[in-house]
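Participant:
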DNA sequence: TTGAAAGCGCTAACAA
DNA sequence: TTGTTAGCGCTTTCAA
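Chains as they are written, first to last, in my numbering: chain A, 363 to 707; chain B, 363 to 707.
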């Protein structure tokens with residue numbers, strides 16, 4: 363159908379290989395012929411056939427993006443678009459295409475990754491999640507396929523290049539923010555416990571409490587999927603305790619908003635009756651009522667770094683596994699407030 | 363590197379072409395050899411090289427997805443993930459891969475589409491937006507490249523296959539919901555006026571007012587980008603009018619939430635002082651306070667239909683341009699309430 | 001029903 | 001500096 367390299371060669375009166383070299387901007391080509399060839403390409407409207415090139419090169423200039431199966435859709439959404447924007451900007455800059463995993467279930471996604479890898483569709487892969495016992499991760503490791511993970515690997519941490527925040531410290535810091543404001547009964551609301559990010563944030567929360575000499579109570583941990591029907595009851599229970607919490611650390615902004623709605627139904631006001639801090643700083647956290655005090659994890663930055671890292675790995679197979687920590691920043695807004703210290707008379 | 367068709371052929375003691383036929387599940391192959399070849403493929407762990415296949419076939423089993431440059435990021439986000447889920451489920455089912463446009467600016471995205479088309483990277487394209495005077499649309503039309511558009515084309519409506527809601531009717535219906543509740547001063551808050559969806563929804567709003575004999579006032583139209591700094595002032599102005607509105611039709615759920623926050627700052631309560639209806643029914647609209655009365659446009663369904671349509675178009679070049687209307691559904695929640703009719707004494 | 005061989009469009013080693 | 005040529009892995013016509 364299209365114009366091939368041969369057509370260009372003919373028009374410019376050179377060999378196809380010369381055209382190929384001009385495309386690759388090879389050094390040993392005279393400026394003169396370069397010019398002639400370029401003109402011919404333009405005149406004919408030539409565009410290289412990516413498949414042919416990939417076949418000959420054994421390299422596609424493409425990256426695969428694998429997202430978690432979106433059962434817990436609400437939790438993933440805003441994060442996803444934002445991280446994709448980051449990846450996309452670097453990918454474009456480096457002239458790489460983006461391939462996305464398809465499928466709804468875990469198995470379908472796995473299949474889709476297999477196709478990417480075995481079919482030589484991509485040179486490297488970015489995993490947008492980190493999960494306990496993930497078959498996709500295992501597969502990529504076993505195949506020694508270049509990939510990076512956004513988040514912290516559950517195991518083999520030293521052999522997997524990953525881009526993450528220091529979620530433990532972030533969680534300590536934001537929990538401390540509550541503690542500094544006098545809160546002593548602080549509960550933690552997490553998401554999927556299969557996600558490493560949930561575990562890290564919980565860890566930070568516990569460390570902060572411990573350091574402050576506050577008790578860590580089981581009743582103060584909730585891990586259900588909030589955004590579904592169960593959430594309401596769990597929150598309800600939490601506030602039925604003899605000693606209901608006055609502060610809440612919630613792992614995700616969207617969850618925070620859901621919780622705030624439930625709290626209002628139960629007759630609690632944020633921040634008057636209960637303070638909330640959370641994570642991610644997705645757009646909605648600025649316009650919620652009240653605007654959320656949250657950890658800005660720089661989602662866009664995570665995406666950019668991840669893209670840079672895979673490309674590096676692809677270009678150099680021996681690139682050692684590394685760990686990139688993207689700095690976080692705490693955004694103090696209006697979802698928290700000072701509380702009287704119960705213990706200080 | 364990998365196992366090729368030749369290796370399989372050797373192992374199964376047949377010619378490469380036979381293997382190829384087995385892969386394609388050709389009819390004129392004896393069950394016996396089929397079995398033998400399949401076993402060999404499994405034993406060797408064979409996976410076809412997609413690039414080679416694409417090259418020989420002049421067809422990639424891939425679809426391109428083009429999203430709007432995300433300057434107005436807040437508006438696009440939740441919609442995007444959801445529509446992608448829809449597309450992705452069909453794509454997987456039909457064994458197609460998904461390619462995503464890269465780049466941040468309009469021009470970068472255009473480049474990226476050119477690469478997809480000229481580079482034979484995809485068989486068809488789905489445009490996730492419909493915009494006035496869009497260069498990408500023009501390009502695809504000119505190249506006669508198979509594509510479908512989600513939304514309503516700005517022009518050439520009969521020659522562009524598109525998947526849309528009946529936004530005019532949806533807007534009439536939801537505006538009527540306010541009118542039925544006694545609202546007479548109803549304002550409209552739209553987004554980017556370059557987006558056809560904004561225009562359609564505005565049209566429906568106006569038609570509904572007209573039908574009800576209510577005046578259409580210029581002061582009741584706002585089209586700035588709310589989610590940025592300007593929004594606050596615009597909303598402020600609206601409620602400084604001698605006759606401030608009691609009802610608001612807002613084109614997007616996320617915008618609605620932003621507006622509710624501003625209203626609260628100005629001392630207005632939703633729905634006590636002002637009722638709000640909006641569009642899309644993204645997840646957040648259920649958990650906002652109050653939950654939003656909104657048009658469920660079935661974002662997932664839009665994605666599914668779009669994917670089906672491109673695949674049809676790809677498989678049959680002569681497939682006529684068609685228009686698929688995905689039904690909407692009004693979700694009545696708590697952001698609206700009856701108001702006293704000012705005019706009825 | 002199967003095999004041999006040409007070719008998809010491009011790259012890269014080898015020659016010139 | 002440039003041309004010739006042999007593949008990359010697969011599909012498909014033509015022949016057997």
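Idealized CB from N, CA, C, for every residue including glycine.
Taking the CB atoms as reference points, tell me whether residue 428 of chain A and residue 503 of chain A lie closer together than 7 angstroms.
Facilitator: As a first step, residue 428 of chain A is located in the first chain; it is residue number 66 there, counting from the start. As a first step, residue 503 of chain A is located in the first chain; it is residue number 141 there, counting from the start. It is not a contact, given that the beta carbons lie outside the stated cut-off.
Participant: On the three-pair Cβ rule with 8 angstroms, is the stretch 468 to 475 of chain B touching the stretch 442 to 454 of chain B?
Facilitator: In short, these stretches do not touch, since the Cβ pair count stays below three.
Participant: Spatial neighbours of residue 681 of chain A within its chain, please: CB distance less than 7 angstroms, with the 5 preceding and 5 following residues excluded, ordered by chain position.
Facilitator: In the first chain, the residue the question calls residue 681 of chain A occupies position 319. So the qualifying residues of the chain are 674 and 675.
Participant: Which first and last residues belong to the alpha helix (DSSP H) in which residue 585 of chain A is found?
Facilitator: In the first chain, counting from the first residue as 1, residue 585 of chain A sits at position 223. Note, residue 585 of chain A: premise wrong, no alpha helix (DSSP H); not H, not E.
Participant: In chain order, what residues of the same chain have a beta carbon less than 7 angstroms from the beta carbon of residue 545 of chain A, not counting five sequence neighbours either side?
Facilitator: As a position in the first chain, residue 545 of chain A is number 183, starting the count at 1. Taken in chain order, the residues that qualify are 608, 609, 637 and 701.
Participant: May I ask you to verify whether the stretch 638 to 648 of chain A touches the stretch 477 to 485 of chain A, counting CB pairs closer than 8 angstroms and requiring at least 3?
Facilitator: Judged by Cβ distances under 8 angstroms, the stretch 638 to 648 of chain A makes no contact with the stretch 477 to 485 of chain A, as fewer than three pairs qualify.
Participant: Mapping DSSP to helix, strand and coil, what is residue 707 of chain B?
Facilitator: As a first step, residue 707 of chain B is located in the second chain; it is residue number 345 there, counting from the start. Residue confidence is low: residue 707 of chain B scores 38 on pLDDT, short of 50, so the model does not pin down where it sits. No coordinate-derived value is stated.
Participant: Does any residue of chain A have a CB that is nearer than 7 angstroms to the CB of residue 574 of chain B?
Facilitator: Position 212 of the second chain, counting from 1, holds the residue named residue 574 of chain B. Chain A contact via Cβ: absent.
Participant: Taking the beta carbon of residue 458 of chain A as the centre, do at least 16 other beta carbons fall within 10 Å, making it buried, or is it exposed?
Facilitator: Looking up residue 458 of chain A in the first chain gives position 96. The residue in question, residue 458 of chain A, is buried, as its Cβ has 16 or more Cβ neighbours within 10 Å.
Participant: Alpha helix (DSSP H) containing residue 425 of chain B: first to last residue?
Facilitator: Your numbering for residue 425 of chain B matches position 63 in the second chain. From DSSP, residue 425 of chain B is part of no alpha helix (DSSP H) but of the beta strand (DSSP E) over 424 to 428.
Participant: Is the beta carbon of residue 425 of chain A sitting closer than 7 angstroms to the one on residue 460 of chain A?
Facilitator: Working through the first chain from its first residue, we reach residue 425 of chain A at position 63. Working through the first chain from its first residue, we reach residue 460 of chain A at position 98. It is a contact, given that the beta carbons lie within the stated cut-off.
Participant: Please classify residue 707 of chain A as buried or exposed, where buried requires at least 16 other C-beta atoms within 10 Å of its C-beta.
Facilitator: Taking the first chain and counting its residues from 1, the one referred to as residue 707 of chain A is at position 345. For residue 707 of chain A, the predicted structure reports a pLDDT of 38, less than 50, and the residue's modelled location is therefore unreliable. A value from the coordinates is still provided. The residue is exposed, with fewer than 16 neighbouring Cβ atoms inside 10 Å.
Participant: Are the C-beta of residue 602 of chain A and some C-beta of chain B separated by less than 7 angstroms?
Facilitator: By 1-based counting over the first chain, the position of residue 602 of chain A is 240. No, because no Cβ of chain B sits closer than 7 angstroms to the Cβ of residue 602 of chain A.
Participant: Between the stretch 472 to 484 of chain B and chain A, which residues of the former have CB atoms less than 9 angstroms from a CB of the latter, in chain order?
Facilitator: Correct list: 473, 474, 476, 477, 478, 479, 480, 481, 482 and 483.
Participant: Mapping DSSP to helix, strand and coil, what is residue 463 of chain B?
Facilitator: Working through the second chain from its first residue, we reach residue 463 of chain B at position 101. Coil, per DSSP.
Participant: Once the 5 residues before and after residue 518 of chain B are set aside, which same chain residues still bring their CB inside 7 angstroms of it?
Facilitator: For the purposes of this step, residue 518 of chain B is taken as residue 156 along the second chain, with counting starting at 1. The answer, listed in chain order, is 503.
Participant: Indicate whether residue 688 of chain A and residue 665 of chain A have their beta-carbon atoms separated by less than 7 angstroms.
Facilitator: Start at 1 with the first residue of the first chain, and residue 688 of chain A comes out as number 326. Start at 1 with the first residue of the first chain, and residue 665 of chain A comes out as number 303. It is not a contact, given that the beta carbons lie outside the stated cut-off.
Participant: For residue 551 of chain A and chain B, any beta-carbon pair shorter than 7 angstroms?
Facilitator: Within the first chain, numbered from 1, the residue matching residue 551 of chain A stands at position 189. Closer than 7 angstroms: no.
Participant: If the criterion is Cβ atoms closer than 7 angstroms, does the pair residue 523 of chain A and residue 670 of chain A meet it?
Facilitator: Position 161 of the first chain, counting from 1, holds the residue named residue 523 of chain A. Position 308 of the first chain, counting from 1, holds the residue named residue 670 of chain A. No, they are not a contact pair.
Participant: Nearest chain A C-beta to residue 465 of chain B closer than 7 angstroms, yes or no?
Facilitator: Start at 1 with the first residue of the second chain, and residue 465 of chain B comes out as number 103. So, interface residue.
Participant: Look at residue 661 of chain A and residue 509 of chain A and say whether their C-beta atoms are less than 7 angstroms apart.
Facilitator: Against the first chain, residue 661 of chain A aligns to sequence position 299. Against the first chain, residue 509 of chain A aligns to sequence position 147. In this structure, residue 509 of chain A does not lie closer than 7 angstroms to residue 661 of chain A by Cβ.
Participant: Is the beta carbon of residue 570 of chain B sitting closer than 7 angstroms to the one on residue 584 of chain B?
Facilitator: Stepping through the second chain from its first residue, residue 570 of chain B is reached at position 208. Stepping through the second chain from its first residue, residue 584 of chain B is reached at position 222. Cβ distance not < 7 angstroms, so residue 570 of chain B and residue 584 of chain B don't count as in contact.
Participant: Please indicate yes or no: does the CB of residue 680 of chain A lie closer than 6 angstroms to some heavy atom of the ligand SAH?
Facilitator: This structure lacks the ligand SAH, and indeed carries no ligand of any kind.
Participant: Using a Cβ-Cβ cut-off of less than 8 angstroms, list which residues of the stretch 397 to 422 of chain B approach chain A; keep chain order.
Facilitator: If the cut-off is 8 angstroms between Cβ atoms, the stretch 397 to 422 of chain B has 409, 410, 411, 412, 413, 414, 416, 417, 420 and 422 near chain A.
Participant: Could you spell out the range, first to last residue, of the beta strand (DSSP E) harbouring residue 482 of chain A?
Facilitator: Residue 482 of chain A sits at position 120 when you count from the first residue of the first chain. Premise fails: residue 482 of chain A is in no beta strand (DSSP E) and is neither H nor E.
Participant: Using a Cβ-Cβ cut-off of 7 angstroms, state whether residue 448 of chain A counts as contacting chain B.
Facilitator: For this step, residue 448 of chain A is matched to residue 86 along the first chain. Chain B contact via Cβ: absent.
Participant: In chain order, what residues of the same chain lie with their CB nearer than 7 angstroms to the CB of residue 397 of chain A, ignoring the 5 residues before and after it?
Facilitator: One-based indexing of the first chain puts residue 397 of chain A at position 35. Same-chain partners within the cutoff: there are none.
Participant: Could you compute how far the alpha carbon of residue 390 of chain A sits from the alpha carbon of residue 408 of chain B?
Facilitator: Translated into positions along the first chain, residue 390 of chain A becomes position 28. Translated into positions along the second chain, residue 408 of chain B becomes position 46. So the alpha carbons of these two residues sit roughly 40 angstroms apart.
Participant: I believe residue 639 of chain A touches residue 698 of chain A by the beta-carbon criterion, under 8 angstroms. Please report the beta-carbon distance rounded to the nearest angstrom.
Facilitator: Position 277 of the first chain holds residue 639 of chain A. Position 336 of the first chain holds residue 698 of chain A. Contact flag correct, Cβ pair sits at about 6 angstroms.
Participant: Taking residue 551 of chain A as part of the beta strand (DSSP E), name the residues at either end of that continuous run.
Facilitator: The residue given as residue 551 of chain A occupies position 189 in the first chain. Start and end: 548 to 551.
Participant: Since residue 692 of chain A contacts residue 598 of chain A with CB under 8 angstroms, what's their CB separation in whole angstroms?
Facilitator: Start at 1 with the first residue of the first chain, and residue 692 of chain A comes out as number 330. Start at 1 with the first residue of the first chain, and residue 598 of chain A comes out as number 236. Residue 692 of chain A to residue 598 of chain A, Cβ: 29 angstroms. No contact.
Participant: Contact criterion: CB-CB distance below 7 angstroms. Does residue 662 of chain A meet it with respect to chain B?
Facilitator: Translated into positions along the first chain, residue 662 of chain A becomes position 300. No, its Cβ sits nowhere closer than 7 angstroms to a Cβ of chain B.
Participant: How big is the Cα-Cα spacing for residue 365 of chain B and residue 450 of chain A?
Facilitator: Numbered from its first residue, the second chain carries residue 365 of chain B at position 3. Numbered from its first residue, the first chain carries residue 450 of chain A at position 88. Rounded to the nearest angstrom, the two C-alpha atoms are 32 angstroms apart.
Participant: Using a Cβ-Cβ cutoff of 7 angstroms, what residues of the stretch 489 to 503 of chain A are near chain B? List them in chain order.
Facilitator: For the stretch 489 to 503 of chain A, which is checked against every Cβ of chain B, not one residue is closer than 7 angstroms.
Participant: Rounding to the nearest angstrom, what Cα-Cα distance links residue 547 of chain A and residue 605 of chain A in this structure?
Facilitator: By 1-based counting over the first chain, the position of residue 547 of chain A is 185. By 1-based counting over the first chain, the position of residue 605 of chain A is 243. Going from the Cα of residue 547 of chain A to the Cα of residue 605 of chain A covers about 8 angstroms.
Participant: Need the endpoints of the beta strand (DSSP E) that residue 512 of chain A sits in, please.
Facilitator: Here residue 512 of chain A refers to the residue found at position 150 when the first chain is read from its first residue. 509 to 512 is the extent of the beta strand (DSSP E) around residue 512 of chain A.
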